[in-house]
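In our numbering, the protein residues as written are 74 to 350.
Think of the CB as a built atom: it goes at the ideal place given N, C-alpha and C, for glycine as much as any other residue.
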Amino acid sequence: MHKKFHIELDSLKRDLENYDRYNIVSSERLAYGSITISDRESVKQSIINYVKENEDIDTEKLIGDIFPKFTPHLFISHKSQDAGLAIKLANILFEKYDILSFIDSQVWHHINDIQKILDEEFSKKSEGLYDYRKSNIVSSNIFAMLSSSLYRTIDDSDGFIFIDRATKPNTARITHSTISQINTESPWIYLENIYSNLIRKKSHNRSQIIIAKAGLEKLAEDVSVSTESRKEPKFTYTAESVDSRTIQTIAKVLDTPYDKRKKHPLEGLDFVYSLLS
74 MHKKFHIELD SLKRDLENYD RYNIVSSERL AYGSITISDR ESVKQSIINY
124 VKENEDIDTE KLIGDIFPKF TPHLFISHKS QDAGLAIKLA NILFEKYDIL
174 SFIDSQVWHH INDIQKILDE EFSKKSEGLY DYRKSNIVSS NIFAMLSSSL
224 YRTIDDSDGF IFIDRATKPN TARITHSTIS QINTESPWIY LENIYSNLIR
274 KKSHNRSQII IAKAGLEKLA EDVSVSTESR KEPKFTYTAE SVDSRTIQTI
324 AKVLDTPYDK RKKHPLEGLD FVYSLLS
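Following this line, the structure appears as C-alpha coordinates:
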(Lines of atoms letter the chains of each structure in order from A and count residues from 1; the text may use other names and numbers.)
(Lines give C-alpha, C1' and ligand atoms only; values in the text may rest on other atoms or scores of the structure.)
Protein backbone atom coordinates (compact mmCIF):
# COMPACT_ATOMS: atom_id res chain seq x y z
CA MET A 1 0.00 0.00 0.00
CA HIS A 2 1.40 3.39 -0.91
CA LYS A 3 -1.62 5.72 -1.13
CA LYS A 4 -3.98 6.49 1.73
CA PHE A 5 -7.12 8.62 1.63
CA HIS A 6 -9.76 9.79 4.07
CA ILE A 7 -13.20 11.11 3.06
CA GLU A 8 -16.03 12.37 5.22
CA LEU A 9 -19.25 10.41 4.86
CA ASP A 10 -21.35 13.48 4.03
CA SER A 11 -19.03 14.49 1.20
CA LEU A 12 -19.09 11.02 -0.34
CA LYS A 13 -22.87 10.78 0.03
CA ARG A 14 -23.36 14.13 -1.71
CA ASP A 15 -21.10 13.20 -4.63
CA LEU A 16 -22.76 9.82 -5.12
CA GLU A 17 -26.24 11.36 -4.99
CA ASN A 18 -25.26 13.77 -7.77
CA TYR A 19 -23.85 10.88 -9.80
CA ASP A 20 -27.05 8.88 -9.27
CA ARG A 21 -29.09 11.49 -11.12
CA TYR A 22 -27.64 10.32 -14.42
CA ASN A 23 -26.38 6.81 -13.71
CA ILE A 24 -27.76 3.63 -12.19
CA VAL A 25 -25.22 1.87 -9.99
CA SER A 26 -25.90 -0.99 -7.59
CA SER A 27 -25.35 -0.37 -3.89
CA GLU A 28 -26.18 -3.96 -2.94
CA ARG A 29 -23.82 -6.19 -4.89
CA LEU A 30 -20.35 -5.75 -6.34
CA ALA A 31 -20.12 -5.92 -10.12
CA TYR A 32 -17.11 -8.25 -9.95
CA GLY A 33 -16.22 -11.48 -8.18
CA SER A 34 -16.85 -11.33 -4.47
CA ILE A 35 -19.24 -12.78 -1.95
CA THR A 36 -21.87 -10.42 -0.58
CA ILE A 37 -24.41 -10.21 2.21
CA SER A 38 -26.91 -11.89 -0.08
CA ASP A 39 -24.62 -14.93 -0.28
CA ARG A 40 -24.79 -15.37 3.48
CA GLU A 41 -26.87 -18.55 3.64
CA SER A 42 -24.89 -20.39 0.98
CA VAL A 43 -21.60 -19.43 2.62
CA LYS A 44 -22.91 -20.54 6.03
CA GLN A 45 -24.01 -23.89 4.66
CA SER A 46 -20.66 -24.43 2.97
CA ILE A 47 -18.84 -23.75 6.25
CA ILE A 48 -21.24 -25.94 8.26
CA ASN A 49 -20.67 -28.84 5.86
CA TYR A 50 -16.91 -28.39 6.04
CA VAL A 51 -16.83 -28.24 9.87
CA LYS A 52 -19.03 -31.32 10.24
CA GLU A 53 -16.99 -33.33 7.76
CA ASN A 54 -13.55 -32.46 9.18
CA GLU A 55 -12.08 -32.89 12.65
CA ASP A 56 -9.10 -30.65 11.86
CA ILE A 57 -10.22 -27.17 10.83
CA ASP A 58 -8.07 -25.51 8.19
CA THR A 59 -8.30 -21.77 8.85
CA GLU A 60 -7.06 -21.01 5.35
CA LYS A 61 -10.07 -22.90 4.00
CA LEU A 62 -12.48 -20.87 6.14
CA ILE A 63 -10.85 -17.59 5.17
CA GLY A 64 -10.83 -18.65 1.54
CA ASP A 65 -14.62 -18.94 1.67
CA ILE A 66 -15.14 -15.33 2.72
CA PHE A 67 -12.16 -13.37 1.39
CA PRO A 68 -11.96 -12.38 -2.30
CA LYS A 69 -10.06 -14.51 -4.78
CA PHE A 70 -8.51 -11.42 -6.43
CA THR A 71 -5.77 -9.03 -5.31
CA PRO A 72 -7.45 -5.65 -4.79
CA HIS A 73 -6.19 -2.33 -6.06
CA LEU A 74 -7.99 -0.49 -3.24
CA PHE A 75 -9.03 -1.41 0.29
CA ILE A 76 -12.18 0.51 1.31
CA SER A 77 -12.75 0.70 5.08
CA HIS A 78 -16.16 1.80 6.34
CA LYS A 79 -18.75 1.29 9.05
CA SER A 80 -21.43 -1.32 8.57
CA GLN A 81 -24.28 1.13 8.00
CA ASP A 82 -22.34 2.68 5.11
CA ALA A 83 -21.85 -0.57 3.20
CA GLY A 84 -24.18 0.53 0.39
CA LEU A 85 -22.14 3.68 -0.28
CA ALA A 86 -18.88 1.72 -0.24
CA ILE A 87 -20.27 -0.85 -2.69
CA LYS A 88 -21.59 1.89 -4.98
CA LEU A 89 -18.20 3.65 -4.96
CA ALA A 90 -16.43 0.37 -5.71
CA ASN A 91 -18.79 -0.39 -8.60
CA ILE A 92 -18.23 3.05 -10.14
CA LEU A 93 -14.45 2.67 -9.88
CA PHE A 94 -14.70 -0.74 -11.54
CA GLU A 95 -17.05 0.33 -14.33
CA LYS A 96 -15.08 3.49 -15.19
CA TYR A 97 -11.50 2.43 -14.49
CA ASP A 98 -11.42 -1.38 -14.04
CA ILE A 99 -10.28 -0.82 -10.46
CA LEU A 100 -10.93 -3.74 -8.07
CA SER A 101 -11.76 -2.71 -4.51
CA PHE A 102 -11.99 -4.84 -1.38
CA ILE A 103 -15.04 -3.93 0.71
CA ASP A 104 -14.43 -4.92 4.32
CA SER A 105 -18.11 -5.36 5.19
CA GLN A 106 -18.23 -8.24 2.72
CA VAL A 107 -16.20 -10.11 5.35
CA TRP A 108 -17.69 -8.77 8.58
CA HIS A 109 -21.14 -10.14 7.87
CA HIS A 110 -19.76 -13.69 7.77
CA ILE A 111 -17.43 -13.59 10.79
CA ASN A 112 -20.17 -13.96 13.40
CA ASP A 113 -21.61 -16.82 11.37
CA ILE A 114 -18.27 -18.65 11.43
CA GLN A 115 -17.90 -18.17 15.18
CA LYS A 116 -21.46 -19.38 15.80
CA ILE A 117 -20.91 -22.47 13.64
CA LEU A 118 -17.66 -23.36 15.41
CA ASP A 119 -19.16 -22.76 18.85
CA GLU A 120 -22.13 -24.98 17.98
CA GLU A 121 -19.76 -27.74 16.91
CA PHE A 122 -17.06 -27.51 19.58
CA SER A 123 -18.21 -25.37 22.54
CA LYS A 124 -21.89 -26.15 23.07
CA LYS A 125 -22.76 -27.90 26.35
CA SER A 126 -26.54 -27.58 26.10
CA GLU A 127 -29.09 -25.35 24.42
CA GLY A 128 -27.91 -21.77 24.88
CA LEU A 129 -24.99 -22.82 27.09
CA TYR A 130 -21.37 -22.93 25.88
CA ASP A 131 -18.12 -24.04 27.45
CA TYR A 132 -16.32 -20.80 28.36
CA ARG A 133 -12.79 -22.10 27.76
CA LYS A 134 -13.61 -23.70 24.42
CA SER A 135 -15.57 -20.65 23.29
CA ASN A 136 -12.57 -18.45 24.10
CA ILE A 137 -10.37 -20.73 22.00
CA VAL A 138 -12.79 -20.36 19.09
CA SER A 139 -12.89 -16.56 19.50
CA SER A 140 -9.09 -16.35 19.65
CA ASN A 141 -8.73 -18.39 16.48
CA ILE A 142 -11.37 -16.32 14.68
CA PHE A 143 -9.60 -13.11 15.66
CA ALA A 144 -6.19 -14.44 14.65
CA MET A 145 -7.23 -15.66 11.22
CA LEU A 146 -9.31 -12.56 10.43
CA SER A 147 -6.75 -10.03 11.61
CA SER A 148 -3.92 -11.73 9.72
CA SER A 149 -6.03 -11.89 6.56
CA LEU A 150 -7.03 -8.23 6.88
CA TYR A 151 -3.37 -7.32 7.31
CA ARG A 152 -2.42 -9.35 4.24
CA THR A 153 -5.21 -7.82 2.15
CA ILE A 154 -4.30 -4.25 3.15
CA ASP A 155 -0.64 -5.03 2.48
CA ASP A 156 -1.51 -6.39 -0.96
CA SER A 157 -3.65 -3.35 -1.85
CA ASP A 158 -2.18 -0.38 -3.69
CA GLY A 159 -4.34 2.19 -1.89
CA PHE A 160 -6.53 2.58 1.21
CA ILE A 161 -9.73 4.66 1.51
CA PHE A 162 -11.36 5.30 4.88
CA ILE A 163 -14.98 6.49 4.80
CA ASP A 164 -15.30 8.46 8.02
CA ARG A 165 -18.67 8.88 9.69
CA ALA A 166 -17.17 10.88 12.57
CA THR A 167 -18.85 14.16 13.43
CA LYS A 168 -15.59 15.93 14.21
CA PRO A 169 -14.52 18.08 11.22
CA ASN A 170 -11.06 18.98 9.94
CA THR A 171 -9.43 15.61 10.58
CA ALA A 172 -6.78 15.89 7.91
CA ARG A 173 -4.51 13.12 9.10
CA ILE A 174 -4.76 9.68 10.63
CA THR A 175 -1.69 9.34 12.85
CA HIS A 176 -0.66 7.38 15.91
CA SER A 177 -1.81 10.28 18.09
CA THR A 178 -5.19 10.83 16.38
CA ILE A 179 -6.24 7.26 15.63
CA SER A 180 -7.45 6.78 19.21
CA GLN A 181 -9.78 9.77 18.82
CA ILE A 182 -11.68 8.24 15.90
CA ASN A 183 -15.05 7.05 17.15
CA THR A 184 -16.14 3.67 15.80
CA GLU A 185 -18.44 0.91 16.91
CA SER A 186 -16.36 -1.65 15.06
CA PRO A 187 -13.02 -2.84 16.48
CA TRP A 188 -12.18 -4.08 12.99
CA ILE A 189 -12.21 -0.55 11.57
CA TYR A 190 -9.84 0.49 14.33
CA LEU A 191 -7.62 -2.48 13.48
CA GLU A 192 -7.69 -1.66 9.76
CA ASN A 193 -6.61 1.91 10.41
CA ILE A 194 -3.84 0.77 12.72
CA TYR A 195 -2.64 -1.68 10.06
CA SER A 196 -2.74 1.03 7.39
CA ASN A 197 -0.44 3.12 9.60
CA LEU A 198 2.01 0.29 10.25
CA ILE A 199 2.02 -1.42 6.88
CA ARG A 200 5.11 -1.35 4.66
CA LYS A 201 4.91 1.22 1.88
CA LYS A 202 4.88 -0.34 -1.56
CA SER A 203 2.90 -0.09 -4.77
CA HIS A 204 1.63 -2.60 -7.28
CA ASN A 205 4.09 -3.48 -10.00
CA ARG A 206 3.63 -0.95 -12.83
CA SER A 207 5.83 -3.02 -15.17
CA GLN A 208 2.63 -4.94 -15.93
CA ILE A 209 1.48 -1.91 -17.92
CA ILE A 210 4.56 -2.02 -20.14
CA ILE A 211 4.18 -5.76 -20.68
CA ALA A 212 0.51 -5.41 -21.56
CA LYS A 213 1.18 -2.48 -23.90
CA ALA A 214 3.76 -4.60 -25.71
CA GLY A 215 0.99 -7.03 -26.58
CA LEU A 216 2.09 -9.70 -24.14
CA GLU A 217 -1.27 -9.95 -22.41
CA LYS A 218 -0.80 -13.56 -21.34
CA LEU A 219 2.55 -12.76 -19.75
CA ALA A 220 1.00 -9.77 -18.04
CA GLU A 221 -1.63 -12.04 -16.50
CA ASP A 222 1.09 -14.29 -15.15
CA VAL A 223 2.92 -11.43 -13.42
CA SER A 224 1.68 -11.19 -9.85
CA VAL A 225 0.38 -7.84 -8.69
CA SER A 226 3.10 -7.60 -6.09
CA THR A 227 6.25 -9.21 -7.45
CA GLU A 228 8.42 -8.96 -4.38
CA SER A 229 8.44 -11.95 -2.10
CA ARG A 230 6.53 -11.55 1.14
CA LYS A 231 8.83 -10.20 3.82
CA GLU A 232 8.42 -9.49 7.48
CA PRO A 233 6.32 -6.30 7.81
CA LYS A 234 8.35 -3.18 8.55
CA PHE A 235 6.59 -1.56 11.47
CA THR A 236 7.10 2.14 12.11
CA TYR A 237 7.32 3.24 15.72
CA THR A 238 8.15 6.90 15.22
CA ALA A 239 5.70 9.57 16.39
CA GLU A 240 4.95 10.53 12.79
CA SER A 241 2.87 8.03 10.85
CA VAL A 242 1.95 7.69 7.21
CA ASP A 243 -0.21 10.65 6.16
CA SER A 244 -3.76 10.13 5.06
CA ARG A 245 -4.77 12.66 2.42
CA THR A 246 -8.19 14.14 3.10
CA ILE A 247 -10.51 14.06 0.09
CA GLN A 248 -12.96 16.97 0.02
CA THR A 249 -14.82 15.58 -2.98
CA ILE A 250 -14.62 12.74 -5.51
CA ALA A 251 -16.60 14.67 -8.12
CA LYS A 252 -13.67 14.66 -10.56
CA VAL A 253 -13.31 10.90 -10.24
CA LEU A 254 -17.00 10.46 -10.98
CA ASP A 255 -17.38 13.04 -13.75
CA THR A 256 -14.08 13.17 -15.66
CA PRO A 257 -14.33 11.23 -18.96
CA TYR A 258 -11.99 8.24 -19.19
CA ASP A 259 -11.66 5.68 -21.97
CA LYS A 260 -10.53 2.45 -20.33
CA ARG A 261 -10.29 0.54 -23.59
CA LYS A 262 -6.76 -0.75 -24.18
CA LYS A 263 -5.81 0.59 -20.75
CA HIS A 264 -4.38 -1.43 -17.88
CA PRO A 265 -6.33 -1.20 -14.57
CA LEU A 266 -3.24 0.29 -12.92
CA GLU A 267 -3.36 3.14 -15.44
CA GLY A 268 -6.92 3.77 -14.33
CA LEU A 269 -5.80 3.64 -10.70
CA ASP A 270 -3.01 6.17 -11.29
CA PHE A 271 -5.47 8.40 -13.16
CA VAL A 272 -7.79 8.33 -10.14
CA TYR A 273 -4.86 9.14 -7.85
CA SER A 274 -4.05 12.16 -10.02
CA LEU A 275 -7.64 13.40 -9.72
CA LEU A 276 -7.52 13.05 -5.95
CA SER A 277 -4.20 14.88 -5.59
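Query, Result
"Coarse secondary structure for T319, derived from DSSP in three states", "strand"
"Meets three-Cβ-pair contact criterion under 8 Å: the stretch 127 to 140 and the stretch 74 to 88", "no"
"Extent of the continuous beta strand (DSSP E) to which E356 belongs", "Absent from the model: residue 356. The displayed extent of the chain is 74 to 350, so no value can be given."
"First through last residue of the alpha helix (DSSP H) which encompasses K161", "A156 to Y170"
"Minimum C-alpha distance to R87 - residue among F235, Q321 and N185", "Q321"
"Where Q179 falls, given that 16 or more other Cβ within 10 Å makes a residue buried", "buried"
"Own chain residues within Cβ distance below 8 Å of V116, not counting five before or after", "I108, D138, I139, H183 and D186"
"Counted within 10 angstroms of its Cβ, other Cβ atoms place T226 as buried (16 or more) or exposed", "buried"
"Y95 versus N266 - alpha carbon distance", "34 Å"
"Environment of K76 [buried if 16+ CB atoms lie within 10 Å]", "buried"
"Cα-Cα separation between F344 and I234, rounded to whole angstroms", "16 Å"
"Identity of the residue in N270, Y205, L162 and L339 nearest L327 by Cα", "L162"
"K197 - DSSP class collapsed to helix/strand/coil", "strand"
"Selected residue, minimal CA-CA separation from A104, among N91, D171 and N209", "D171"
"I210 to I262 span [Cα, whole Å]", "23 Å"
"Where the beta strand (DSSP E) through D21 begins and ends", "Because the chain spans 74 through 350 in this model, residue 21 falls outside it and cannot be assessed."
"When L166, L339, S208 and I149 are compared against S276, the one with the closest alpha-carbon", "L339"
"Counterpart residues of Y203 in DSSP-defined beta bridges", "K197"
"Residues that I149 bridges to, as DSSP identifies them", "I176 and I234"
"For Y310, three-class secondary structure by DSSP", "With a pLDDT of only 29 at Y310, under the threshold of 50, the placement of this residue in the model should not be trusted, and no figure is reported."
"Alpha-carbon to alpha-carbon, D228 and Q154", "25 Å"
"Burial state of N164 (16 or more Cβ within 10 Å)", "buried"
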